[in-house]
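In our numbering, the protein residues as written are 906 to 1141.
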């Protein structure tokens, strides 16, 4: 598989596949595909993995893409303005991802739910924070809202991050999710309810924007229901 990532703040992952190669993606991630590419919803990883995805708010099915009779092209994009990054997992590499970060991958890449030891923190770690694990002999693509920020933590080096800004990190990085300094800080400090502590060694990828921040910024400009049942658009 060959690929390019194009665009600035509305990026696309453009994948070039030949017959026999398969890529898969979350439902709705496909932007375009050439006429010789077929797509099919599949229960990726079997029934139990489908159930796990459904329980965490994801689609029960993944969508697979195959080229027929020659080289095919298929493009994928995220659901918010932001960046796309390729993760080369070959050689035994493994990443832990926020559940909304995964975009697409080669068929040789596995995606599964990664449950933290403290189950409550995994499920309630702010903004629907669920963790996924991806590994395998291939390339996966992740997307982030806004810009990507990457750190390469040295052994024992620690960084603390607002949980909603986490995109993913190498499996060698230790992580812990904690409430952010009590109720007062959470409600009035403007830093979100949870903070993730990351300890190296390993790479860490963050996003400069969150879905909650984007929604709050757009909210004043969205159509509002009027008294007569119609929609009123607020123009500042």
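From the three backbone atoms N, C-alpha and C, an ideal C-beta is built for every residue, glycine too.
Residue 1055 holds the alpha-carbon nearest to the alpha-carbon of residue 1103 among 1126, 1124, 1055. Contact annotation: residue 1110 and residue 1047 have beta-carbon atoms nearer than 9 Å.
CA-CA distance, residue 1126 to residue 1117, rounds to 15 Å.
By alpha-carbon distance to residue 988, the top candidate from 1050, 1002, 1114 is 1050. With respect to residue 918, residue 942 sits apart: the two C-beta atoms are not nearer than 9 Å. In this structure, the straight-line span from the alpha carbon of residue 1059 to that of residue 945 is close to 42 Å. Comparing alpha-carbon positions, the option among 931, 978, 1067, 1074 lying closest to residue 1082 turns out to be 1067.
Given a length threshold of 3 residues, each whole run of the beta strand (DSSP E) inside the region 991-1066 is given here in chain order: 999-1003, 1007-1011, 1014-1018, 1036-1041, 1044-1050, 1053-1058. Counted as a single uninterrupted DSSP element, the stretch harbouring residue 1118 is not any beta strand (DSSP E) but the alpha helix (DSSP H) occupying residues 1116-1123.
DSSP places residue 1101 in the strand class (E or B) of the three-state scheme.
Residues of the same chain with a CB within less than 6 Å of the CB of residue 982, apart from the 5 flanking positions on each side, are 917, 936 in chain order. Per DSSP, the beta-bridge partners of residue 977 are 922. When only Cα atoms are considered, residue 968 and residue 1064 end up about 36 Å apart.
For residue 945, the pairing in a beta bridge is given by DSSP as 969.
If you ignore the 5 residues before and after residue 1071, its C-beta comes within less than 7 Å of the C-beta of 1003, 1101, 1111, all in its own chain and listed in chain order. The C-alpha of residue 1069 is placed about 16 Å away from the C-alpha of residue 986.
Where residue 1083 is concerned, the enclosing beta strand (DSSP E) starts and stops at 1079-1084.
Excluding residues up to 5 positions away in sequence, 1058, 1059, 1060, 1061, 1062, 1078 lie with their Cβ nearer than 7 Å to the Cβ of residue 1105 in the same chain. About 23 Å separates the beta carbon of residue 948 from that of residue 977, a gap too long to meet the 8 Å contact definition.
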